[in-house]
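**Q**
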Amino acid sequence: MATKKEQVYKCQVCTNVVKVVEEGVGTLVCCNKPMELQSGK
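Each residue of the sequence shown is one higher than the one before, counting from -15 in my numbering.
This is the structure in structure tokens:
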């Protein structure tokens, strides 16, 4: 999975929110679970 600039991800466990500022390859993980894409291009 690749992240794209300006996407927003949220942890469904602790509700941390991450906004992507640099594109990359991989999966964003928080609380040992993949973060859920909320919005973005």
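Where is the CB? At the ideal position from N, CA and C, for every residue including glycine.
As the structure is a prediction and not an experimental result, all values here were calculated from the model.
Might you give, ordered along the chain, the residues of its own chain that have their beta carbon closer than 6 Å to the beta carbon of residue 30, omitting 5 neighbours on each side?
**A** With the chain covering only -15 through 25, there is no way to say anything about residue 30.
**Q** Which value, in whole angstroms, describes the spacing of the CA atoms of residue 5 and residue -4?
**A** On the sequence shown, position 21 is the one that residue 5 refers to. On the sequence shown, position 12 is the one that residue -4 refers to. So the alpha carbons of these two residues sit roughly 21 Å apart.
**Q** Locate the beta strand (DSSP E) running through residue 12, then write down its first and last residues.
**A** Here residue 12 refers to the residue found at position 28 when the sequence shown is read from its first residue. From DSSP, residue 12 is part of no beta strand (DSSP E); its letter is neither H nor E.
**Q** Using the C-alpha atoms, what's the distance from residue 17 back to residue -9?
**A** Reading the sequence shown from its first residue, position 7 is the one you call residue -9. Reading the sequence shown from its first residue, position 33 is the one you call residue 17. Rounded to whole angstroms, residue -9 to residue 17 spans 18 Å at the Cα level.
**Q** When the Cα atoms are used, what is the spatial distance from residue 23 to residue 2?
**A** Taking the sequence shown and counting its residues from 1, one reaches residue 23 at position 39. Taking the sequence shown and counting its residues from 1, one reaches residue 2 at position 18. Using only the alpha carbons, I get a separation of about 11 Å.
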